[in-house]
Amino acid sequence: MELLKKLVRLGYVSFGAVILFSGVNFAQDPGQIKDQIAGQRYYSRLDYVIPLGELRVGMTPEYVPFEYKNNKKEIVGFDVDIAKKLADTLGAKLYIREYKWDDLILALKSGDVDIIISGMTRTLKRAIDINFTEPYFETGIVVLVNEKYVNFVHCEKLCDALNNKTIKVAVVKATTGEDLVRKKLPDVTVVEFDGEQEASNALLTGRIDAFAFDKPFADSLVAKHPEIKILTEQLNYEYYSFAVAKGDPDFLRWLDYFIDELKLSGDYDSIYNKWFKQNAYNKLKQTK
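Now the structure itself:
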């Protein structure tokens with residue numbers, strides 16, 4: 198709540214949200230809130246989240262260590278802890294809504310969620326439909342190979358030996374990994390999967406030869422299954438951002454400042470160290 202109060206004082210919350218924040222109780226009836234903002238020519242998502250005391254975050258919980266289900270079937274991970282901090286800052290209760298990856302943007306555009314925090318890469322193509330905050334994580338796409346191709350791990354130029362139609366490369370549909378494989382490895386046979394767990398299982402069982410996906414997930418998979426390897430050369434470098442609906446500059450601007458404050462306060466480093474440095478991958482070896 199201290200961060201929210203600070204950002205309100207600095208003017209980083211929309212006019213409507215300031216009025217609601219100062220004049221109503223949290224967890225109001227949605228009908229009351231709609232009546233209060235009905236006369237406004239513009240309203241922000243903040244005008245709903247703050248007085249309702251609810252933040253709905255869209256995620257696809259298949260991406261270790263960002264968001265995944267633990268042995269108790271709880272959704273946990275780096276992004277989950279970031280979302281918890283965001284909800285706490287807004288004085289809201291966090292509701293994680295689970296979707297298939299290619300349904301996330303539709304859920305955001307239809308208003309079923311307030312925000313996407315799910316290891317989503319900001320791209321020009323996606324930015325046509327939704328808005329992205331400043332980055333909160335830097336990563337890239339790498340290629341995992343099964344035991345048959347471990348001798349190609351250190352080869353250059355994306356392993357020309359792998360770039361032929363006899364090689365089956367797994368991708369997750371509607372991801373930047375799929376786009377990059379089709380562009381940079383045009384001769385391979387691309388095999389599409391709905392999620393990274395399904396693609397990983399195909400790699401581990403030998404049904405496909407390689408899998409192109411985000412580096413953090415690849416690192417966690419190798420930690421659990423050292424028989425598979427990551428090619429030295431990355432396909433690209435990219436950034437993850439929060440995603441919000443179009444037409445809400447106040448929420449977008451506020452989130453940018455939230456990310457800045459999260460990093461300046463040291464909270465970001467604490468969350469990062471928890472999932473990426475403090476023996477996180479050793480713990481992941483125990484995850485089923």
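According to our numbering, the sequence shown is numbered sequentially starting from 198. Note that the Cβ used here is the ideal one computed from N, Cα and C, for glycine as well.
At the level of alpha carbons, what is the spacing between residue i and residue j?
i, j, result
"Phe363", "Tyr245", "The sequence given here has Thr at residue 363, not Phe. Cα to Cα, Thr363 sits roughly 53 Å from Tyr245."
"Phe223", "Tyr292", "Confidence at Phe223 is low in this model, with a pLDDT of 41, below 50, so its placement is unreliable and the value that follows should be read with caution. Going by the C-alpha atoms only, they are around 16 Å apart."
"Val369", "Thr286", "33 Å"
"Asp311", "Leu252", "7 Å"
"Ile338", "Leu400", "16 Å"
"Lys306", "Lys345", "43 Å"
"Val347", "Thr373", "24 Å"
"Val387", "Lys322", "21 Å"
"Pro332", "Leu449", "12 Å"
"Ser417", "Gly316", "15 Å"
"Tyr436", "Asp453", "14 Å"
"Gly463", "Ala420", "27 Å"
"Lys290", "Ala304", "19 Å"
"Ala393", "Leu377", "Checking the sequence shown, residue 393 turns out to be Glu, not Ala. When rounded, the distance between both Cα atoms is 16 Å."
"Pro423", "Lys297", "28 Å"
"Phe334", "Lys269", "27 Å"
"Asn470", "Asp278", "12 Å"
"Glu458", "Thr318", "21 Å"
"Phe218", "Met256", "Because Phe218 sits at a pLDDT of 43, beneath the cut-off of 50, its placement in the model cannot be relied upon, and the following sentence gives the value as read from the coordinates. Approximately 27 Å between the Cα atoms of the pair."
Regarding residue i and the ligand SAH, is the C-beta to nearest heavy atom distance less than 7 Å?
i, result
"Lys269", "Although the ligand SAH was asked about, the structure shown includes no ligands whatsoever."
Measure how close the beta-carbons of residue i and residue j come, nearest whole angstrom, since I'm counting them as under 8 Å.
i, j, result
"Thr330", "Ile456", "6 Å"
"Ile327", "Lys443", "6 Å"
"Gly308", "Ile247", "That pair is no contact at about 17 Å."
Among the residues of its own chain, which have a CB less than 7 Å from the CB of residue i, if the five just before and after it don't count?
i, result
"Asp299", "Lys370 and Ala371"
"Pro258", "Glu264, Tyr265, Lys266, Ile272 and Glu295"
"Arg379", "Val387"
Going by beta-carbon coordinates alone, are residue i and residue j separated by less than 8 Å?
i, j, result
"Ile302", "Phe439", "no"
"Ala367", "Ala407", "yes"
"Thr336", "Lys412", "yes"
"Val261", "Ala280", "no"
"Ile427", "Ala409", "no"
"Leu432", "Val350", "no"
"Gly403", "Asn360", "no"
"Phe263", "Gly250", "no"
"Asp384", "Ser241", "no"
"Lys365", "Ile405", "yes"
"Trp451", "Leu243", "yes"
Looking only at its chain, what residues have a beta carbon closer than 8 Å to the beta carbon of residue i, apart from the 5 residues adjacent to it on each side?
i, result
"Phe390", "Ala367, Val368, Val369, Lys370, Ala396 and Ala399"
"Asp445", "Ser241, Arg242 and Asn328"
Take residue i and list the residues in its own chain whose beta-carbon comes closer than 6 Å to its own, dropping the five residues that flank it on each side.
i, result
"Trp179", "The chain is shown only over 198 to 485; residue 179 falls outside these bounds and no answer can be derived."
"Asp466", "none"
"Tyr434", "Gly337"
"Val441", "Ile312, Asn328, Phe448 and Leu449"
Would you verify that the beta carbon of residue i is, or is not, closer than 8 Å to some beta carbon of chain D?
i, result
"Phe414", "No chain D is part of this structure, which consists of one protein chain only."
Q.
To test your reading of the DSSP string, which unbroken alpha helix (DSSP H) runs of 4 or more residues are found completely within the region 382-418?
A. Inside the region 382-418, DSSP marks whole alpha helix (DSSP H) runs of 4 or more residues at positions 393-401, from first to last along the chain.
Q: With a floor of 4 residues, list each alpha helix (DSSP H) that falls wholly inside the region 226-309, ordered by position along the chain.
A: 227-234, 243-249, 275-287 and 301-306
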